[in-house]
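Data first, discussion second: the structure below is written as structure tokens.
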Amino acid sequence: MGDDWKKIIYRSAAEENLLHLTSCCPYSCIFCSNNYNPEGIRVYAPGHLPFPMLLEALALIDPARIIRTGESTSRVTEGDPLCHPDFFRLMEVLRELYPQTRVEIVTSIASLGGDILSRLQELEPMSLKISLNMITPSLRQKLLGDSQEVDIRSVLEKLCYHGFLYSFTVVAVPHLSGWDELMKTILTGGSYLPREITVYRPGWTRKTPVSLRPGVEMEGKLEGLVEELAYQLAVPLLLEPPKLKDLKARVAGVYRDSPASNAGLEKDDLILEVGGEKPLSRLDAHKLLEKGGGTLEIMFSRQGITKRAVLEKAAGKKSGLIFHRDLPGYLPAYISRISRGRNAVLITSRLAGPLMKSIFPGTEPRVLPVENEKLGGSIAVTGLLSIEDILQACRKYAEDDKLDLVILPAKLLDEDRRDLWGERVCRIEEELGVQAWELSG
Ligand code: SF4
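Sequence positions in the sequence shown follow my numbering and run 9 to 449.
Okay, structure coming up:
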């Protein structure tokens with residue numbers, strides 16, 4: 009396996025404030041992406057990390073930012089941090105070092121039985137991002153490999169009682185669990201008043217057995233269900249990944265009891281101005297809102313009518329508005345500048361294609377949506393594109409059009425400028441004789 013994974017773990021701690029504890033997980037979810045990685049993909053599963061290594065990673069953490077654990081952001085397979093035998097030992101050290109820093113733990117609801125919640129409460133400030141997925145015990149056993157030792161309903165009740173900050177995630181697999189189960193899970197989860205519920209579209213690769221893949225009709229039905237339930241729940245309900253078509257700062261949800269909800273802002277409002285400044289994207293709006301403090305005047309549009317709200321918050325604190333992640337507002341102008349007068353293509357995924365084409369409808373640069381052929385299946389995101397996918401698309405493009413610059417998102421590359429299969433980005437330059445420009449942001 010080499011030592012590459014160690015570098016990734018230390019870098020994740022230093023750059024992303026992410027503590028990786030283990031690649032082990034006591035469950036066996038039928039949709040777990042760890043099971044269906046195609047051959048050749050370079051991912052690491054080092055098991056439980058030794059305690060001295062966890063301490064070294066902890067020393068790299070920035071106590072001014074939230075510390076996250078259990079979140080998968082790199083090519084090291086992420087398991088459930090609560091199953092690491094030294095989890096609480098590490099948290100106690102962390103609390104001695106950083107008593108005020110919030111820790112966000114990504115875990116399964118089935119890992120929160122017994123006295124776990126009480127023990128976590130002693131380590132506050134904590135927040136929990138909990139995979140709920142299904143509510144019916146027999147389906148949890150059959151599709152998630154949940155041993156049913158933990159009564160899920162009693163954990164849900166204790167969560168409210170302990171007063172944790174928590175949110176739920178649900179991977180939508182109605183073709184396996186039934187639509188009723190999906191709806192029941194979302195509505196039950198919502199009744200326990202999490203901060204938000206995020207529903208994930210199921211992803212599958214070419215290795216996923218056909219019997220586990222949803223039919224084409226599922227997409228539209230899922231979008232309709234989430235939209236409908238979002239208006240029934242008292243908490244924000246989000247569908248990820250979103251299918252964005254523009255950079256307009258439309259509100260995806262509003263946290264309860266937040267400055268934004270107190271100011272009367274609602275899901276689907278379009279933010280036009282924050283403190284007199286016009287946001288160029290959702291990300292811009294989010295930053296303007298976070299930066300602003302005191303009394304903040306918000307101009308917004310609701311069903312085509314322009315309105316005004318006054319939001320009271322401290323600078324640097326959250327507004328309570330949720331936006332889907334898009335691009336920094338400055339990026340389109342920057343991309344236009346580097347491609348001006350050149351035969352440039354902007355590489356994007358199938359999913360992000362409509363958004364990028366709405367920003368760059370012309371030829372400087374030409375937007376080139378690329379299929380995730382290497383992973384196959386339903387995967388259509390930029391961060392999982394391969395150099396081979398990009399080369400194939402560019403070769404085809406160059407048969408009919410001139411090409412001298414390929415702009416590609418840096419997020420598909422690691423620090424050695426390699427993709428998930430270990431291919432270097434310089435292959436594009438060598439094989440096509442063009443410049444490859446990596447774009448952060
Ligand atoms: S809880 Fe997460 S890591 Fe564990 S099997 Fe399920 S999807 Fe995979």
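Don't be surprised by glycine CBs; every beta carbon is placed ideally from N, CA and C. All figures in this text were calculated on a predicted structure; none of them were measured in a lab.
{"Query": "Tell me where the alpha helix (DSSP H) around M364 begins and ends.", "Result": "G361 to I367"}
{"Query": "Using CA atoms only, rank isn't needed, just tell me which of P369, L421 and E437 is closest to C402.", "Result": "E437"}
{"Query": "Buried or exposed: where does E431 fall if 16 or more other Cβ atoms within 10 Å of its Cβ makes it buried?", "Result": "buried"}
{"Query": "Leaving out five residues on either side along the sequence, give the residues of the same chain with a beta carbon under 7 angstroms from the beta carbon of L136.", "Result": "I113, T115, F172 and Y174"}
{"Query": "Is the beta carbon of L246 closer than 8 angstroms to that of V282?", "Result": "no"}
{"Query": "Going by CA-CA distance only, name the one from P369, V101 and V51 that's closest to E64.", "Result": "V101"}
{"Query": "CA-CA distance, L68 and A22?", "Result": "5 angstroms"}
{"Query": "May I have the straight-line CA-CA distance separating I38 from E379, to the nearest angstrom?", "Result": "25 angstroms"}
{"Query": "Based on Cα-Cα distance, which residue from V375, F308 and V262 lies nearest to L411?", "Result": "V375"}
{"Query": "Could I get the ranges of all uninterrupted beta strand (DSSP E) runs contained in the region 145-195, with 3 residues as the minimum, in chain order?", "Result": "173-179"}
{"Query": "Would you report the Cα separation of K150 and D188, rounded to the nearest angstrom?", "Result": "16 angstroms"}
{"Query": "Determine the extent of the beta strand (DSSP E) in which S309 is found, giving its start and end residues.", "Result": "G302 to R310"}
{"Query": "Look at the Cβ atom of R425, then the Cβ atom of V433, and state whether they are nearer than 8 angstroms.", "Result": "yes"}
{"Query": "With distances taken from CA atoms, which of H294, K253 and T314 is nearest G261?", "Result": "H294"}
{"Query": "Who does Q443 pair with in a DSSP beta bridge?", "Result": "L413"}
{"Query": "Leaving out five residues before and five after F368 in sequence, what residues of the same chain have Cβ atoms less than 8 angstroms from its Cβ?", "Result": "P340, I343, S344, L354, R374 and V375"}
{"Query": "From K253 to I117, what distance separates their C-alpha atoms?", "Result": "34 angstroms"}
{"Query": "Please identify the residue among S41, K14 and S36 whose C-alpha is closest to the C-alpha of H28.", "Result": "K14"}
{"Query": "Less than 7 angstroms between the CB of S175 and some heavy atom of the ligand SF4, yes or no?", "Result": "no"}
{"Query": "Using 8 angstroms for Cβ pairs, my map puts P267 next to K321. What's the rounded Cβ distance?", "Result": "4 angstroms"}
{"Query": "For the ligand SF4, is there a heavy atom less than 7 angstroms away from the beta-carbon of C434?", "Result": "no"}
{"Query": "According to the Cβ coordinates, are P336 and D292 closer than 8 angstroms?", "Result": "yes"}
{"Query": "Which residue marks the beginning of the alpha helix (DSSP H) containing K404, and which one marks its end?", "Result": "I395 to D408"}
{"Query": "May I have a chain-ordered list of the beta strand (DSSP E) segments no shorter than 3 residues that lie completely inside the region 50-132?", "Result": "75-77 and 111-116"}
{"Query": "Let me check understanding here. Comparing Cα to Cα, which of D334, R350, G328 and L278 lies closest to G312?", "Result": "L278"}
{"Query": "Short of 6 angstroms in beta carbon distance, which residues of its chain neighbour D94, apart from the five on each side in sequence? Order them along the chain.", "Result": "F59"}
{"Query": "Quick check on the burial criterion: 16 or more other C-beta atoms within 10 angstroms. Buried or exposed for T216?", "Result": "buried"}
{"Query": "Please determine, among V51, N45 and V84, the residue with the shortest C-alpha to C-alpha distance to L57.", "Result": "V84"}
{"Query": "Assuming K15 is part of the alpha helix (DSSP H), what are its boundary residues?", "Result": "D12 to E24"}
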